[in-house]
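Here the structure is laid out as structure tokens; the discussion comes afterwards.
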Amino acid sequence: MKITKVRAKLYQWKGPIKTTDTIFATPLSLLPFQDDSQAPFRFFSWLVVEIETDAGHTGIGNAGLCPDLCKKIVDGKLASLLINENPLNTEYLYEKMYRSSIAYGRKGAVLAAISALDIALWDIKGKAMDQPVFMLMGGRTKSHIETYYSRLYTRNLDSLQAEAAQYKEQGFSGMKLRCGYPLTEGMAGMKKNIEMVKLVRETVGDDINIMLEAYMGFNFAYAKEFLRRLEPYNLRWAEELLLPDEIHNFAKLKKTTAIPLSGGEHEYTRYGFHDLLQAEALDIFQFDTNRVGGFTEAQKICNMALVHGVEVIPHGGQMHNLHVVMSSFASPMAEYFPITEIEVGNEMFWYIFDGEAVAENGKLQLDDKKPGVGLTLKTKDLEHFTIIE
Ligand code: MG
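For the sequence shown, the working numbering assigns the number 1 to the initial residue and increments by one for each residue that follows.
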């Protein structure tokens, strides 16, 4: 089998976007002079790659991180590396793309572009072998996938309480809220962030997991005090309290708190996660398969994490991550972004693909018989997109 064509399509969302009462701290929100510290962290486009073969199989991959840049990298640098190659040689092709781009790549957009292509290659592999990707990666390690509800973007306490109660009612055993008050609001803001956590805990009771997302918005001093004050609320984890490069500070924080620390949503490759493991910086890894290096690299990181007792709970849910969760004993659950109006960008995949797994009573199931990743591109209801090829 040979690769004959590689296509990169940019899906740009032109429809309505919900912005009222949408809050989250960001790496910019601790700087002065910021009018909109969220803008650079919302992506309202998505990259889809399609790899065609002379055997008639077409593989579909995707990237959600800076998709416009990823398209340029696929078109200008990576596509030509794959033409005429055997798509089943996924280890070799990952290594060829990674090493060819090493001078300007290693992390960020280049890895997201490589990941999209790697996912498409595994999709071909699954279709050629008539097996879902998780079966090729080791098969089932669980009867179903437990999920946690990822939303609660509000800091209005009435809405927060109503939303939390609703997710519990829908059968989710966990839910994640965002820090509504940035570091610049000081101790008063910290107290309000804690008030939000307290309210959710009081609303859902002791048996529901609560996760707190900081989206890289704080510094070491704030995080240390914040964690101390959060101790009574039994958080399942505190997520990305610091910038991803502050590996040493995560390691210091971990020694001061009993709250599990999670991160890695903005870390890349087996080398990045090796550094995190060596520093004993985190309790939970949250790579996204469509950033970290695709299935090829995700599998290796899961195995490394397993040895060190670190859990893997990938960012974003979505099929490319669900195959990883299903096939690894390192992974106890998946994130679940529900079908909603477009708000932060992660919701967009529901509008591009058919075949995403829908949670029932907080649980997901993967089809043992659906070959490849299990996604197809929507052919209708695309009026809110501009698609650039
Ligand atoms: Mg996150």
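Note that beta-carbon positions come from the ideal geometry of N, C-alpha and C, so glycine has one too. The structure displayed is predicted, hence computed values, not measured ones.
With distances taken between CB atoms, is the gap from MET211 to LEU243 smaller than 7 Å?
-> No, they are not a contact pair.
Does at least one heavy atom of ligand 1 sit under 6 Å from the Cβ of GLU246?
-> GLU246: no, Cβ never under 6 Å from ligand 1.
Taking 6 Å as the line, does the beta carbon of GLU265 fall inside it for any heavy atom of ligand 1?
-> With a cutoff of 6 Å, GLU265 counts as near ligand 1, since its C-beta is closer than that to a heavy atom of the ligand.
Supposed contact pair MET333 and TYR148 - C-beta distance, whole angstroms, cut 8 Å = The Cβ separation is near 6 Å, so the contact holds.
Could you check which residue in ARG140, PRO27, GLU185, GLU335 has the C-alpha nearest to that of ASP367?
-> Of ARG140, PRO27, GLU185, GLU335, the residue nearest in Cα terms is ARG140.
How big is the Cα-Cα spacing for GLU95 and SER327?
-> Straight across, the Cα-Cα distance linking GLU95 with SER327 is about 22 Å.
Identity of the residue in ASP36, LEU152, LYS14 nearest PRO338 by Cα | Cα-wise, what sits closest to PRO338 is LEU152.
Say the cut is 6 Å; is the CB of GLU213 nearer than that to a heavy atom of ligand 1?
-> Within the cutoff, so yes.
Helix, strand or coil: how does DSSP classify PHE287 here?
-> Of the three classes helix, strand and coil, the one that applies to PHE287 here is coil, per DSSP.
Through-space distance from THR184 to PRO32, alpha-carbon basis = Each residue's CA atom was taken as its position, placing PRO32 and THR184 some 8 Å apart.
Would you report the Cα separation of ILE124 and TYR11, rounded to the nearest angstrom?
-> Rounded to the nearest angstrom, the two C-alpha atoms are 22 Å apart.
Is the closest heavy atom of ligand 1 to the C-beta of GLU335 under 6 Å?
-> For ligand 1, not one heavy atom lies less than 6 Å from the Cβ of GLU335.
Residue closest to GLY108, alpha-carbon to alpha-carbon, out of ARG178, LEU30, GLY64, GLY15 = Among ARG178, LEU30, GLY64, GLY15, the Cα nearest to that of GLY108 is on GLY64.
Residues bridged to PRO87 (per DSSP) = PRO87 is not bridged to any residue.
To which residues of the same chain is ASN156 closer than 7 Å at the C-beta, ignoring the five residues directly before and after it?
-> Cβ within range, chain order: ASP21.
How about VAL200 and ALA251: are their beta carbons less than 7 Å apart?
-> In this structure, VAL200 lies away from ALA251, with their beta-carbon atoms at least 7 Å apart.
Three-state secondary structure assigned by DSSP to ILE60 = DSSP, reduced to helix, strand and coil, places ILE60 within a strand of the structure shown.
So, THR4 versus ASP54, is the Cβ gap smaller than 7 Å?
-> Contact: yes.
Extent of the continuous beta strand (DSSP E) to which VAL133 belongs | Per DSSP, VAL133 lies in no beta strand (DSSP E) segment; the continuous alpha helix (DSSP H) that holds it begins and ends at 133-136.
PHE43 in three-state terms, based on DSSP = Looking at PHE43 - three-state DSSP - the assignment turns out to be coil, as it is neither helix nor strand.
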